[in-house]
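This report concerns only the one structure given below.
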Amino acid sequence: MTSRLTDVLRAALCCLCLSGCGGPKEKPIEFIYLALGASDATGVGALPLTEGYVYLITRELDRQISGVFLVNLGVPGARIDLIKEQVRVAKQLGTKADLVTLWTGANDVVNGDDPKQFQEQLRGLLTMVKQDISQTIVVANVPDLTQLPRFRTSPSPTVTLARIEAFNRAIAEETRSSGGTLVDLHTTAVRDDLVFDLDGFHPNNAGHRQIAGQLLQAILPKVPHR
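The sequence shown begins at 1267 in the numbering used here and counts up one residue at a time.
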C-alpha cells in the first residue's frame, strides 16, 4: 500500500477520534464499534448510504447501549491485504474498540486471489485485532456469489462454488482460532430482491437490513444493555 493511502487512513482515524471529543453537551463515548470491510461496510447499494448494514447495527446498538461511537474503516474495493493495513494503522494509533465486525472475502474471490494467501493475511489481521484492539470480533463469510445477478448474467471463472467454499473454510478456521464469532451468510439464499439492481452485486436496502439482522444476532448477546 502506498504511503499516501496510509496517511489517508491515519487522517480518517484522527478525524473520527476528534469528532467524538466534543464539548460537555455531547454524551460521553462509552462503547466503540470498529467496522472493517469493503464497499458494503460503507453502505454501497443502500440509498442513502446510511441505511447500510454498519449504520443499522450502530443505530441498534445505540438503542441498547449508552454512548455508542462508530469508527467505520470500510474502503470500497478493499481486499484482505488493504483491510489488514487498516488494522495496522488503527493499531499504530492506539485504537481500542468494544466490538469489531469484519466482512471480507468477496472481492478476493472475484479478483482470483489464492485462498491460502487470503487465509495467511486474515490470520495476521485477526491476531492484531485480538491482541491490540478488541476481544469481541464478529466475522461474516462469503455468500453464494454465483447466484448474484451479475454472475448469472456474466459468469466468471474466478467465481465458483469451489473457490467460495475454500475462502469460507479459511474464514471459519481463522475466526475460530481467534476466538471470534462467525456469521454464516453463505447459508442464506441470495435473492434478487435483496440485491442492488444497478450493479447486481451489492446488497440493496433490504439486503443490508437482512445482513445487519444476522450480525446483530451474534453481536447483541455479547454487549451490555442499559
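Glycine included, each C-beta is placed from N, C-alpha and C at the ideal position.
Less than 9 Å separating the beta-carbons of residue i and residue j?
| i | j | result |
| --- | --- | --- |
| Ala1307 | Val1320 | yes |
| Phe1467 | Arg1429 | no |
| Asp1496 | Ser1400 | Past the edges of the chain, shown from 1267 to 1492, lies residue 1496, and the structure says nothing about it. |
| Lys1362 | Ile1298 | yes |
| Gln1476 | Thr1454 | yes |
| Leu1391 | Ser1443 | no |
| Gly1360 | His1474 | no |
If you drop the 5 nearest sequence neighbours on each side, which residues of the same chain put their C-beta closer than 7 Å to that of residue i?
| i | result |
| --- | --- |
| Pro1290 | In this predicted model, Pro1290 has a pLDDT of only 46, less than 50, meaning its place in the structure is not dependable; the value taken from the coordinates is given anyway. Around Pro1290: no qualifying Cβ. |
| Cys1287 | With a pLDDT of 42 at Cys1287, under the threshold of 50, the predicted position of this residue should be treated as unreliable, and no value is reported. |
| Asp1458 | Pro1415 |
Apart from the five residues on each side of it in sequence, which residues of its chain come closer than 8 Å, Cβ to Cβ, to residue i?
| i | result |
| --- | --- |
| Asn1407 | Gly1371, Phe1433, Asn1434, Ile1437, Ala1438, Leu1448, Val1449, Asp1450, Leu1451 and His1452 |
| Gly1445 | Lys1396, Gln1401 and Ile1403 |
| His1491 | Gln1330 and Ile1331 |
| Thr1424 | Val1375, Val1376, Asn1377 and Gly1378 |
| Ser1422 | Val1376 |
On a Cα-Cα basis, can you pick out the residue from the options that is closest to residue i?
| i | options | result |
| --- | --- | --- |
| Asp1463 | Gly1311, Phe1297 and Phe1384 | Gly1311 |
| Pro1487 | Gly1318, Glu1296, Leu1327 and Ile1349 | Leu1327 |
| Gly1333 | Gln1397, Gln1483 and Pro1294 | Pro1294 |
| Leu1302 | Thr1426, Gln1385 and Val1337 | Val1337 |
| Ala1484 | Pro1421, Val1405, Lys1350 and Leu1313 | Val1405 |
| Glu1317 | Gly1479, Leu1359 and Pro1490 | Gly1479 |
| Leu1493 | Gln1413, Gly1309 and Trp1369 | The requested residue 1493 is not part of the displayed model; the chain covers only 1267 to 1492. |
| Val1355 | Asp1465, Asp1398, Val1425 and Glu1431 | Asp1398 |
| Asp1465 | Thr1419, Glu1292, Gln1385 and Glu1296 | Thr1419 |
| Ser1431 | Pro1421, Gln1385 and Arg1389 | With the sequence shown as reference, residue 1431 is identified as Glu, and Ser is not the correct amino acid for it. Glu1431 has its Cα closest to that of Gln1385, out of Pro1421, Gln1385 and Arg1389. |
My guess is that residue i and residue j are in contact by the Cβ rule of under 8 Å, so how many angstroms apart are they, rounded?
| i | j | result |
| --- | --- | --- |
| Val1366 | Ile1403 | 5 Å |
| Pro1469 | Leu1481 | Going by Cβ atoms, the distance from Pro1469 to Leu1481 rounds to 12 Å, so no, they are not a contact pair. |
| Val1456 | Asp1410 | 5 Å |
| Asn1471 | Leu1313 | 6 Å |
| Leu1300 | Leu1339 | 7 Å |
| Gln1383 | Lys1350 | Contact flag wrong, Cβ pair sits at about 12 Å. |
Excluding the 5 residues preceding and the 5 following residue i in the sequence, name in chain order all residues of the same chain whose CB lies nearer than 6 Å to its CB.
| i | result |
| --- | --- |
| Met1394 | Val1353 and Lys1357 |
| Arg1389 | Glu1440 |
| Glu1292 | none |
So that I know if they touch, is there some Cβ in chain D lying closer than 9 Å to that of residue i?
| i | result |
| --- | --- |
| Ser1443 | Within the model displayed, chain D is absent; a lone protein chain is all it includes. |
> Per the contact definition of three or more C-beta pairs closer than 8 Å, is the stretch 1343 to 1357 in contact with the stretch 1367 to 1384?
Replying inline: Touching, yes, given that three or more Cβ pairs across the two stretches are closer than 8 Å.
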